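Peer 1:
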Amino acid sequence: AADRLGAIPAGPHGGRSGGEQEAMYREYVRSHGLEDAVTIGQFMQAEGLAEMYTIADALLLLSDYEPWGMVVNEAMCFGLPVAVSEHVGASMDLVRRDSGIIISDGEIGAPDLLARRLLDIRRLTAGGKNAGRVIKARVGAWNNELAAERIRDVLGSL
Numbered sequence: 001a002a003d004r005l006g007a008i009p010a011g012p013h014g015g016r017s018g019g020e021q022e023a024m025y026r027e028y029v030r031s032h033g034l035e036d037a038v039t040i041g042q043f044m045q046a047e048g049l050a051e052m053y054t055i056a057d058a059l060l061l062l063s064d065y066e067p068w069g070m071v072v073n074e075a076m077c078f079g080l081p082v083a084v085s086e087h088v089g090a091s092m093d094l095v096r097r098d099s100g101i102i103i104s105d106g107e108i109g110a111p112d113l114l115a116r117r118l119l120d121i122r123r124l125t126a127g128g129k130n131a132g133r134v135i136k137a138r139v140g141a142w143n144n145e146l147a148a149e150r151i152r153d154v155l156g157s158l
């Protein structure tokens, strides 16, 4: 569900919030000795997100249905790469190889497979400030005119 939000454990800081598969992820973290790298938190209100973005290495949003996913925009404004499920609306317009990864349903249900895919995000975090600038530029280019153009394209293809 939409409350499965958190940061990918690419360093000393990480996090994840709630969701139907929380117990599975908690067990994965415990059994792989990742307690010092991953903090599994609770749902965060908007005012707490900015602090999380400043300490996170990336954003992970696994959702069964998310019409857009404003946290994707927000995280990218902080220069964070994103890993989102294929059901997050923003994935189609904002997430590219230089800004994150899109995760399939099959990967979400298999912690080992998901962990291997999340290692892909390290190539983006390894880019440091340059990667952050690229990510910020991608989300910064998104505006109402571009959104309207994409909507016209979709409607025109029906």
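If you read the sequence shown in the numbering used here, its first letter stands for residue 1, the second for the next number, and so on. Just so you know, even glycine gets a beta-carbon here, dropped at the ideal spot from N, CA and C. The model shown is predicted, which means the values in this text are computed figures rather than measured ones.
Under the three-state reduction of DSSP, which class applies to L59: helix, strand or coil?
Peer 2: Here residue 59 is taken as the residue at index 59 of the sequence shown, counted from 1. L59: strand per DSSP, three-state reduction.
Peer 1: In this structure, does DSSP put D27 in helix, strand or coil?
Peer 2: For the purposes of this step, residue 27 is identified with residue 27 of the sequence shown, where counting begins at 1. First, the residue type needs correcting, since residue 27 is Glu and not Asp in the sequence shown. Helix at E27.
Peer 1: Within 10 angstroms of its Cβ, does E149 collect 16 or more other Cβ (buried), or is it exposed?
Peer 2: Along the sequence shown, one-based indexing puts residue 149 at 149. Per the 10 Å Cβ criterion, exposed.
Peer 1: Taking the alpha helix (DSSP H) that G100 belongs to, which residues open and close that run?
Peer 2: Taking the sequence shown and counting its residues from 1, the one referred to as residue 100 is at position 100. First-last for G100: 100-103, but that is the beta strand (DSSP E), not the alpha helix (DSSP H).
Peer 1: Does the Cβ of P81 have 16 or more other Cβ atoms within 10 Å, making it buried, or fewer, making it exposed?
Peer 2: Within the sequence shown, residue 81 is the residue found at index 81, counting from 1. When all chains shown are included, P81 counts as buried.
Peer 1: For the ligand MN, is there a heavy atom less than 7 angstroms away from the beta-carbon of Q42?
Peer 2: With respect to the ligand MN, the structure shown offers nothing to examine, as it has no ligands at all.
Peer 1: Using CA coordinates, which residue listed in A75, G109, A137, G79 is at the minimum distance from E22?
Peer 2: By one-based count along the sequence shown, residue 22 stands at place 22. Closest option to E22, Cα to Cα, is G109.
Peer 1: So, W68 versus A90, is the Cβ gap smaller than 8 angstroms?
Peer 2: Here the question's residue 68 lines up with position 68 in the sequence shown. Here the question's residue 90 lines up with position 90 in the sequence shown. Cβ atoms of W68 and A90: closer than 8 angstroms.
Peer 1: Output the residue ranges of the beta strand (DSSP E) runs that lie fully inside the region 72-143 and measure 3 residues or longer, sorted by chain position.
Peer 2: 82-85, 100-103
Peer 1: Grab me the residues of H161's own chain with a C-beta within less than 7 angstroms of its C-beta, minus the 5 sequence neighbours each way, in chain order.
Peer 2: Only positions 1 to 158 of the chain appear in the structure, and residue 161 is not among them; the question remains open.
Peer 1: Using a 10 Å radius around the Cβ and a threshold of 16 neighbouring Cβ atoms, would you call L146 buried or exposed?
Peer 2: Along the sequence shown, one-based indexing puts residue 146 at 146. By the 10 Å Cβ count, L146 comes out exposed.
Peer 1: Could you have a look at L155 and say whether DSSP puts it in helix, strand or coil?
Peer 2: Within the sequence shown, residue 155 is the residue found at index 155, counting from 1. Correct three-state label for L155: helix.
Peer 1: For G33, does the count of other Cβ atoms within 10 angstroms reach 16, so buried, or fall short, so exposed?
Peer 2: Numbered from its first residue, the sequence shown carries residue 33 at position 33. Classification of G33: exposed, given that the 10 Å Cβ count is below 16.
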